[in-house]
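The sequence shown maps to residues 68 to 253 in our numbering. Where is the CB? At the ideal position from N, CA and C, for every residue including glycine. Remember, predicted model here, so these are calculated numbers, not experimental data.
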Amino acid sequence: NEFADIRGKYGTVDYEDIMQFVDEVVKRYEFIDENKIGVTGGSYGGFMTNWIIGHTDKFKAAVSQRSIANWISKFGTTDIGYFFVEDQHLATPWSNHEKLWWHSPMKYADKVKTPTLFIHSDEDYRCWLVEAIQMFTSLKYHGLESKLVIFKGENHDLSRTGKPMHRLRRLKEILEWFDKYLKANE
């Protein structure tokens with residue numbers, strides 16, 4: 068429906084909704100320490116994780132999974148089809164390069180203050196590994212604590228259909244990352 072259609076608006080109204088939700092949850096539930104909140108997501112949620120860390124330092128740790136970092140480089144490189152980026156952003160690298168860059172989390176990598184773990188699979192043809200590498204490298208370039216974990220022989224569905232040992236390792240990596248940054252100084 069029109070209310071849920073974010074085409075052409077990635078990182079705007081969706082970001083505002085998420086941040087308002089987090090603020091409301093922290094306000095309603097006193098046991099939540101607002102100084103120890105993490106953010107994670109995969110695919111579109113990975114895009115949002117990358118976007119969020121470039122626009123706020125509210126989260127003390129992030130885990131970006133099978134994400135999107137750069138809408139320009141994503142053009143024509145997804146198994147959904149060459150039309151995906153144009154459909155989602157109403158733009159192509161030739162018709163509106165600036166719009167695609169504006170909606171790319173990598174554009175804001177120099178603003179990130181959140182330690183971030185990137186999890187990706189080398190056979191992910193929905194969101195190619197290069198997306199995680201670009202964001203990871205951008206954060207490292209700007210001196211931010213980050214880590215990249217690549218699962219060999221896995222695809223976009225690692226969390227649901229990956230090899231059991233890889234699914235367990237994925238969960239272990241996430242828990243260890245959040246423990247490191249969210250349980251510090253307890």
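Kindly identify the DSSP beta-bridge partner or partners of Gln155. Locating residue 155 in the sequence shown gives position 88, where the first residue counts as 1. Answer is none; Gln155 lacks a bridge partner.
So Thr116 packs on Ser140, CB below 8 Å; how close in whole Å? Here residue 116 refers to the residue found at position 49 of the sequence shown. Here residue 140 refers to the residue found at position 73 of the sequence shown. About 18 Å separates the two Cβ atoms, so there is no contact after all.
Would you report the Cα separation of Ile73 and Ser134, rounded to the nearest angstrom? Numbered from its first residue, the sequence shown carries residue 73 at position 6. Numbered from its first residue, the sequence shown carries residue 134 at position 67. Computed Cα separation, rounded: 17 Å.
Would you identify the three-state DSSP class for Lys230, choosing helix, strand or coil? Taking the first residue of the sequence shown as position 1, residue 230 is located at position 163. Three-state DSSP puts Lys230 in coil, outside helix and strand.
Excluding the 5 residues flanking Lys178 on each side, which residues of the same chain have their C-beta closer than 6 Å to its C-beta? Taking the first residue of the sequence shown as position 1, residue 178 is located at position 111. Gly121.
Ala128 lies in the beta strand (DSSP E); which residues open and close that run? Position 61 of the sequence shown, counted from the first residue, corresponds to residue 128. Run containing Ala128: 128 to 132, per the beta strand (DSSP E) assignment.
So is Asn102 buried or exposed if we call it buried at 16+ other beta carbons inside 10 Å? Walking along the sequence shown from the start, residue 102 turns up at place 35. Answer is exposed; the Cβ neighbour count stays below 16.
Starting from Thr37, follow the beta strand (DSSP E) in both directions and report where the run begins and ends. Since the first and last residues shown for the chain are 68 and 253, residue 37 lies out of range.
Pull the bridge partners of Lys214 from the DSSP assignment, please. Residue 214 sits at position 147 when you count from the first residue of the sequence shown. BP columns for Lys214 point to Leu184.
Taking only three categories from DSSP, how would you classify His164? Counted from its first residue, the sequence shown places residue 164 at position 97. Note: His164 maps to helix in three-state DSSP.
For His209, collect the residues of the same chain with a Cβ closer than 8 Å to its Cβ; drop the 5 residues on either side in sequence, then sort them by chain order. Stepping through the sequence shown from its first residue, residue 209 is reached at position 142. The residues are Ala176, Asp177, Val179.
Output needed for Tyr192: all residues of its chain with C-beta closer than 6 Å, excluding positions within five of it in sequence on either side, in chain order. As a working mapping, residue 192 is identified with position 125 in the sequence shown. Cβ within range, chain order: Asp146.
C-alpha gap between Leu196 and Leu157, whole angstroms: Sequence index remark: in the sequence shown, residue 196 carries index 129 (1-based). Sequence index remark: in the sequence shown, residue 157 carries index 90 (1-based). Cα-Cα distance, rounded: 24 Å.
Apply the 10 Å Cβ neighbour rule to Trp161 and answer buried if 16 or more other Cβ atoms are within range, or exposed otherwise. On the sequence shown, position 94 is the one that residue 161 refers to. Flag for Trp161 reads exposed.
Please list the terminal residues of the continuous alpha helix (DSSP H) segment that includes Ile85. Reading the sequence shown from its first residue, position 18 is the one you call residue 85. First-last of the alpha helix (DSSP H) with Ile85: 80 to 95.
Check Ser171 in the structure and name its three-state DSSP category. On the sequence shown, position 104 is the one that residue 171 refers to. Reduced to three states, the DSSP call for Ser171 is coil.
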